[in-house]
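Undergrad: Protein sequences appear in the order of chains A and B.
So the mapping is simple: the working numbering equals the position in the first sequence, first residue as 1, plus 104.
So the mapping is simple: the working numbering equals the position in the second sequence, first residue as 1, plus 64.
Idealized CB from N, CA, C, for every residue including glycine.
Keep in mind the model is a prediction, meaning the values are calculated, not measured.
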Amino acid sequence: MRAVFWKELADYFGSWRFIIIFAVICLAALSATYTAAQTIRGDIAQTPTEYVFLRLFTTSGETLPSFIFFLSFFGPLIGIIFGFDVINSERSRGTLSRVLSQPLFRDSVINGKFLAGLTAIAIMLASIILVVSGLGLRMIGVAPAPGEVARIGVFFLISLLYVGFWLGLGILFSVLFRRTITSVLAAIAIWISLALFISMFAGIAANWVAPVDQHSEAEAILEHERIYDSVMRISPTTLFGEATETVLNPGKRTLRGVVLVREVEGMIPGPLALGQSLMLVWPHLVALIALILICFAVSYVRFMREEIRAT
Amino acid sequence: MAPPVVETIKLTKDYDGTRAVDSLDLRIEEGEIFGFLGPNGAGKTTTILMLLGLTEPTLGVAKVCGHDATREPLKVKRITGYLPENVGFYEDLTARENLRYITRLNRIPERQASGKIDEVLEIVGLSEVADREVGRFSRGMKRRLGMADVLVKDPRLVFLDEPTAGIDPDGASQILDFIVSMSKEKGITVLLSSHLLHQVQKICDRVGIIVKGCMVAEGPVERLGREVVGGGQNALEVQVTESSANLIESIESIPGVKAVECSGDMLSIRGDKDVRAEVSRAIFENGSLPLHIRAQDYTLEEIYLKYFREE
Chain A
105 MRAVFWKELA DYFGSWRFII IFAVICLAAL SATYTAAQTI RGDIAQTPTE
155 YVFLRLFTTS GETLPSFIFF LSFFGPLIGI IFGFDVINSE RSRGTLSRVL
205 SQPLFRDSVI NGKFLAGLTA IAIMLASIIL VVSGLGLRMI GVAPAPGEVA
255 RIGVFFLISL LYVGFWLGLG ILFSVLFRRT ITSVLAAIAI WISLALFISM
305 FAGIAANWVA PVDQHSEAEA ILEHERIYDS VMRISPTTLF GEATETVLNP
355 GKRTLRGVVL VREVEGMIPG PLALGQSLML VWPHLVALIA LILICFAVSY
405 VRFMREEIRA T
Chain B
65 MAPPVVETIK LTKDYDGTRA VDSLDLRIEE GEIFGFLGPN GAGKTTTILM
115 LLGLTEPTLG VAKVCGHDAT REPLKVKRIT GYLPENVGFY EDLTARENLR
165 YITRLNRIPE RQASGKIDEV LEIVGLSEVA DREVGRFSRG MKRRLGMADV
215 LVKDPRLVFL DEPTAGIDPD GASQILDFIV SMSKEKGITV LLSSHLLHQV
265 QKICDRVGII VKGCMVAEGP VERLGREVVG GGQNALEVQV TESSANLIES
315 IESIPGVKAV ECSGDMLSIR GDKDVRAEVS RAIFENGSLP LHIRAQDYTL
365 EEIYLKYFRE E
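#1: Would you mind stating whether PRO207(A) and LYS139(B) have Cβ atoms separated by less than 9 Å?
#2: Where do the N-terminal and C-terminal ends of the alpha helix (DSSP H) with CYS399(A) fall, by residue?
#3: Per DSSP, which residues does HIS328(A) bridge with? Please list them.
#4: Between the Cα of THR44(B) and those of THR122(B), VAL85(B), SER258(B), spot the shortest distance and give me the residue it belongs to.
#5: Using 8 Å as the threshold, is the region 254–268 of chain B in touch with the region 86–99 of chain B, meaning 3 or more CB pairs across them?
#6: In or out: PHE407(A) buried (at least 16 other Cβ within 10 Å) or exposed?
#7: Closest to ILE233(A) by CA distance: which of ALA377(A), ILE262(A), GLY198(A) is it?
#8: I'd like to check one pair, THR137(A) with SER164(A): are the Cβ atoms closer than 9 Å?
#9: Can you find the residues in the same chain that come closer than 6 Å, C-beta to C-beta, to PRO284(B), ignoring five residues on each side of it along the sequence?
#10: Contact criterion: CB-CB distance below 9 Å. Does GLN206(A) meet it with respect to chain B?
#11: Assuming VAL302(B) contacts HIS356(B) under a Cβ cut-off of 8 Å, what Cβ separation, rounded to an integer in Å, is found between them?
#12: Among the residues of its own chain, which have a CB less than 7 Å from the CB of ASN192(A), if the five just before and after it don't count?
#13: So the alpha helix (DSSP H) SER344(B) belongs to, where does it begin and stop?
#14: MET336(A): buried (16+ other C-beta within 10 angstroms of its C-beta) or exposed?
#15: With a threshold of 8 Å, are at least 3 pairs of Cβ atoms found where one atom belongs to the region 195–212 of chain A and the other to the region 169–178 of chain A?
#16: Measure the Cβ-Cβ separation of GLY307(A) and TYR332(A) and say whether it is below 9 Å.
#17: What's the C-alpha gap between THR72(B) and ILE274(B)?
#18: Considering only the beta carbon of each residue, do ILE225(A) and PHE188(A) sit closer than 9 Å?
#19: Using the Cβ count rule (16 or more neighbours within 10 Å means buried), how would you classify ILE372(A)?
#20: Name the two residues that bound the continuous beta strand (DSSP E) containing CYS278(B).
#21: Establish whether the CB of MET198(A) and some CB of chain B are separated by less than 9 Å.
#22: How far does the beta strand (DSSP E) with ALA299(B) in it extend, from its first residue to its last?
#23: Suppose you measure from the CA of CYS129(B) to the CA of VAL222(B); what does that come to, to the nearest Å?
#24: Using a C-beta to C-beta distance shorter than 7 Å, which residues of chain A count as neighbours of PRO148(B)?
#25: By how many angstroms is the C-alpha of LYS206(B) removed from the C-alpha of GLY183(A)?
#26: Taking only beta-carbon atoms, is ASP115(A) less than 9 Å away from chain B?
#27: CA-CA distance, ASP241(B) and GLU349(B)?
#28: Identify the contact partners of GLU411(A) in chain B, using a Cβ-Cβ distance below 7 Å as the criterion.
#29: Rounded to the nearest angstrom, what separates LEU131(A) and GLU197(B) at their Cα positions?
#30: For ALA249(A) and LEU222(A), I'd like the C-alpha separation in whole angstroms.
#31: Checking contacts by CB at 9 Å: is PHE400(A) closer than that to chain B?
#32: Measure from the alpha carbon of SER344(B) to the alpha carbon of each residue in SER327(B), ILE312(B), GLY328(B), ALA323(B), then state which is nearest.
#33: Would you verify that the beta carbon of PHE153(B) is, or is not, closer than 9 Å to some beta carbon of chain A?
#34: Could you compute how far the alpha carbon of ILE318(B) sits from the alpha carbon of HIS262(B)?
#35: Comparing alpha-carbon positions, which option in ARG160(B), ALA341(B), PHE153(B) lies nearest VAL203(A)?
#36: Please name the residue in LYS217(A), VAL253(A), GLY245(A), ILE296(A) whose C-alpha comes closest to that of GLY268(A).
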């Protein structure tokens, strides 16, 4: 597996797709941070000074969305672009049968390629987060507190899981489909429906199961919201969005959109500890990991039993 | 006694109801060059894939050096080299890097590997282009690199699937020379499949003819020829300066001669043993001179066509 890992990693770093996507993401990240820092500097008087550094990642400017929005949008693209052709391009080039006639287990091929992709992505994300932090540090002149650094670390891991899921999906499609063009189109179709159309489906489902109007009871509205959220959370993009928002914003105490007045009574306003924030999004992380594992399981089953013919 | 290098017992493979390989029994001993002949789609490649553990047999056993290829594929892959029909390389890597990847997958220590790579590149005559990207190689060069690729892991047995298909006669004869020297100098057992009969005939110790998944004939080329076309007989082709009725009569009277046919100055003689000496004497005694005497040997082409007619 080592040999596969190092070769694939070297391939990633030498490839144009890595350089291009890195440039695009850097550009997006830097401009998002720049506008965020401008906004923070602009209204520094009105906002609390706690966790100001974290707000670099979550604040959106007038013209540009926030850094985490960019990441939730580009993350799938990175994963898919890194993964969509790893197996089927080797098959069509005829290198797969050559590699598999060497003494190694088939799963080491998938594992090696996945780990190499994940490592490349990790290096990319880590360097972007560092660059963003550096830029933010200069622009707002506030050093991150240790708690903030820990939260940024957790944010990095969640992002890695999120992009890792799309990488796993890309690899799955590269095993399932013989042609690279089919696998990339299938992956993009899944991405678009999970990122854009899911809110439409969620709305339809919620209206159908628990219709609400202006005169509805609070219970009905809650039910409506609950169904809407559950459908939304099928999408890893939602999971990522909620998880990162909670981790990067210690003031966020619940994931629910609607909170009853009687629930807020007696609540002491103040930031949550990192452990508490994590507890809130723990199911999200588990779900992301489970999604990655499902992609892997299906890839394994298909790839292990497959006949490798050099044609 | 050591187990045969290749042994299959009632090896069978079905694809969606059609039988690609039908109870194939095959034995290849150490150091042999075995030619696996048959038209496209006869089941040659499928048999090789089953011997490598790249596809599972429906029934029967495929063994390499006593290891079951389905159960212990890694042991088999460690000692066998496989050159697929459409061999592919990583086009953006150099010849040396491609081979280096294979040695790493085989866990050959780096120091040993460098020497080995230089050695095999030298053997196939690619030393000068070792550091050129494979994408710029011609088809013949890629095929030679494929031979290097097979040799670099020091195999006991190599499978060559259509090693000469699609390259010019010059390149093909070079490849055939490599195969012979590989077998003779290093004692490597070779199983090569081909539909190009005249090429294979020159170098194979033994051939097997496979049609529609069944082995229809097997043995050394000469013996197959006698059995199949001559009906177990010897045939002579003789050209004389002058043919006469007396001459034909006296040849017919030679013990062992069964039939003589005459057309102009050409005689074709069939018998159940080698009667060349007696025939020459008869020609002299009848006042004629032999210009040409040839024991007719059967080309694979004839053997092969005969089977196709039967089909």
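TA: Concretely, from the data shown:
#1: yes
#2: 378–408
#3: Answer is none; HIS328(A) lacks a bridge partner.
#4: Shown here, chain B extends from 65 to 375; a query on residue 44(B) therefore has no answer.
#5: yes
#6: buried
#7: ILE262(A)
#8: no
#9: ARG270
#10: yes
#11: 7 Å
#12: SER278, PHE281, ARG282, ARG283, THR284, SER287
#13: 340–349
#14: buried
#15: no
#16: yes
#17: 14 Å
#18: no
#19: exposed
#20: 278–283
#21: Before going further, note that residue 198(A) is Gly rather than Met in the sequence given. Cβ-Cβ to chain B under 9 Å: yes for GLY198(A).
#22: 298–304
#23: 12 Å
#24: GLY198, SER201, ARG202, ALA414
#25: 33 Å
#26: yes
#27: 45 Å
#28: LEU113, LEU118, THR119
#29: 33 Å
#30: 28 Å
#31: no
#32: ILE312(B)
#33: yes
#34: 34 Å
#35: PHE153(B)
#36: LYS217(A)
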